[in-house]
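Asker:
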Amino acid sequence: MKLLLSLFTVVVDVGLPITLYYVLTYFGVPDILALVLSGTIPFVSVIINFIFRNQVDVTGILSTTGFIASTILTIIQIYITLDILLQLNSPIISFAMGLVFFITLIPIKVGSYQMRPLLYHNFKFMEMGNFKGVTEDEPIPERWERHWSTYADFRQTFIVLTAVWGFALLLDVPFRILIIYKTKFADKAGLVGGIVTFCYMQIFVLFSVIYVKRMIKLHDKRYKEKEGVVIADAANNEF
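For the sequence shown, position 65 matches number 65 in the UniProt record's numbering, and the numbering has no gaps at all.
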């Protein structure tokens with residue numbers, strides 16, 4: 001079920017908008033209009049999920065951010081002809097997504113809703129994690145919220161991961177600019193930049209794997225300690 005939900009989300013928020021964009025441009029629709037129309041799909045998905053499911057559709061947010069950044073770049077390129085903008089198209093979109101990661105670290109509260117780190121919302125939206133509920137019927141999203149409110153190490157995990165991946169996405173632009181100006185052949189800059197980006201991203205992947213494993217062990221330890229205290233208190237109350 002979780003896999004089907006993930007696939008459906010990716011299709012609606014990424015596959016469908018991209019397909020629509022290429023179909024529209026194929027039939028002669030101007031790039032800007034095609035980007036705006038295609039970007040409305042993930043945007044509407046984000047709104048629907050937030051209103052009706054009280055969930056944050058992370059894939060939709062990132063997809064919408066990408067379309068907004070692409071639209072702005074396209075408008076700029078109409079008035080300003082700079083070769084470097086063409087080569088930085090993809091990195092600038094990554095940069096915009098990185099900003100979204102960092103913005104979600106701000107604890108903004110609107111009514112009953114309080115912003116959480118983007119990666120927390122992502123895993124919660126996919127209903128991942130094998131958290132023990134207060135009852136067997138307790139919904140998974142509620143288990144996530146309870147763990148967030150109760151365990152500092154749980155909060156720390158998602159704050160750190162969101163900050164690290166936000167930084168990783170922001171880093172793509174300065175790396176690409178450096179490569180563009182240092183590469184002798186301009187047509188090779190895109191390929192070299194792509195390889196460099198892929199390589200340094202593996203460092204962040206490795207860090208994430210090691211860090212998550214460490215924090216899971218710590219969280220399990222804290223959870224068992226807390227559970228033990230609760231059982232001990234219950235036993236004392238009986239006497």
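All C-beta atoms in this analysis are idealised placements derived from N, C-alpha and C, irrespective of residue type, glycine included.
Could you please give the first and the last residue of the uninterrupted alpha helix (DSSP H) stretch that includes D153?
Answerer: Here the alpha helix (DSSP H) through D153 covers A152 to L170.
Asker: Taking the C-alpha atoms as reference points, what is the distance between M215 and Y79?
Answerer: If I take the Cα positions, the gap works out to 49 angstroms.
Asker: Assuming G66 is part of the alpha helix (DSSP H), what are its boundary residues?
Answerer: From DSSP, the alpha helix (DSSP H) with G66 extends over V58 to Y79.
Asker: Pick from R143, T135 and D137: whose alpha carbon is nearest that of K124?
Answerer: The shortest C-alpha separation from K124 is found at R143.
Asker: State the start and end residues of the unbroken alpha helix (DSSP H) segment that holds D31.
Answerer: Unbroken alpha helix (DSSP H) run through D31: D31 to F52.
Asker: Using a threshold of 7 angstroms, state whether the C-beta atoms of L99 and T162 are closer than that.
Answerer: Their beta carbons are not under 7 angstroms apart, which means L99 does not touch T162 by this criterion.
Asker: Where V44 and E225 are concerned, what is the direct C-alpha to C-alpha distance, given to the nearest angstrom?
Answerer: Their Cα atoms are separated by approximately 43 angstroms.
Asker: Run through DSSP, which three-state label would Q114 get?
Answerer: Three-state result, Q114: strand.
Asker: Whole-angstrom Cβ separation of T65 and A96, contact assumed at under 8 angstroms?
Answerer: So it is a contact: roughly 5 angstroms between Cβ atoms.
Asker: Among the residues of its own chain, which have a CB less than 8 angstroms from the CB of F204, if the five just before and after it don't count?
Answerer: Around F204: V164, W165 and A168.
Asker: Who does K109 pair with in a DSSP beta bridge?
Answerer: K109 is bridged to Q114.
Asker: The alpha helix (DSSP H) with D83 in it runs from where to where?
Answerer: Unbroken alpha helix (DSSP H) run through D83: D83 to Q87.
Asker: Assuming F31 and T25 are in contact, meaning their beta carbons sit under 8 angstroms apart, how far apart are those beta carbons, in whole angstroms?
Answerer: Looking at the sequence shown, residue 31 is not Phe but Asp. The Cβ separation is near 6 angstroms, so the contact holds.
Asker: With P17 and F50 assumed to form a contact (beta carbons below 8 angstroms), what rounded beta-carbon distance in angstroms separates them?
Answerer: In fact, because the Cβ distance is near 18 angstroms, the residues do not count as touching under 8 angstroms.
Asker: Report the CB separation of A69 from I84 in whole angstroms; it is logged as a contact under 8 angstroms.
Answerer: Not confirmed; about 16 angstroms, so no contact.
Asker: Do the segment 172-179 and the segment 189-204 make contact, defined as three or more Cβ pairs closer than 8 angstroms?
Answerer: Touching, yes.
Asker: Is DSSP giving F27 helix, strand or coil here?
Answerer: Correct three-state label for F27: coil.
Asker: Determine the direct distance from the alpha carbon of L37 to that of I184, and round the result to whole angstroms.
Answerer: Going by the sequence as given, residue 184 is Lys instead of Ile. Approximately 39 angstroms, taken between the alpha carbons.
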